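*Asks:*
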Amino acid sequence: MPRSVLDTEEAKHAQMEALRGAGVGAFKWGAAAAIFGGMGYAMSPIYRGLTIQFKVYIQMSSMILGGMIGADSRMRRYEHHVRTQRMIARDVAMWQDLAEDDDPPPSPTGSSSSKK
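What the sequence shown shows, in the numbering used here, is residues 192 to 307, in sequence order.
1) I'd like to know whether the C-beta atoms of M254 and A224 end up nearer to each other than 9 Å.
2) Looking at the structure shown, is L241 part of a helix, part of a strand, or coil, going by DSSP?
3) Would you give the residue range spanned by the alpha helix (DSSP H) that R211 belongs to?
4) Exposed or buried, which one is W220 when buried takes at least 16 other CB atoms within 10 Å?
5) My guess is that A284 and G257 are in contact by the Cβ rule of under 8 Å, so how many angstroms apart are they, rounded?
6) Contact between the segment 195–213 and the segment 264–284 is defined here as three or more beta-carbon pairs at a separation below 8 Å; is this criterion met?
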């Protein structure tokens, strides 16, 4: 039995989805920041005059922002998927329950149900 809510299988799946989203988002935004940094270095004397520490800060900030946005987006899609699966399971159970209730009563023994 899990000791806390975070030890459940569903929480572990959610954590992995958030981690994947954070990695993809950080990569995308980091690549975009590197491209814009290269363009800034090539075209802007102001950007060339910035210290290396500030350029690294700009790069890291964009990667952190991208990671947060990516993790949030991936979690929202995962939550929607989980809600949809639960709704489908609930509907299937309801229809199975209704089908069991609507079964005709068994016919008496010895009588034939097929008539020609």
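Cβ atoms here follow ideal geometry from the backbone N, Cα and C, with glycine treated the same way.
Given the structure is predicted, the values throughout are model-derived calculations rather than measurements.
*Replies:* With the given structure in hand:
1) yes
2) DSSP places L241 outside both helix and strand once states are collapsed to three, so it counts as coil.
3) Counting along the chain, the unbroken alpha helix (DSSP H) around R211 starts and ends at E200 to M234.
4) By the neighbour-count definition (other C-beta atoms within 10 Å, threshold 16), W220 is a buried residue.
5) Not really, about 41 Å apart at Cβ, beyond 8 Å.
6) yes
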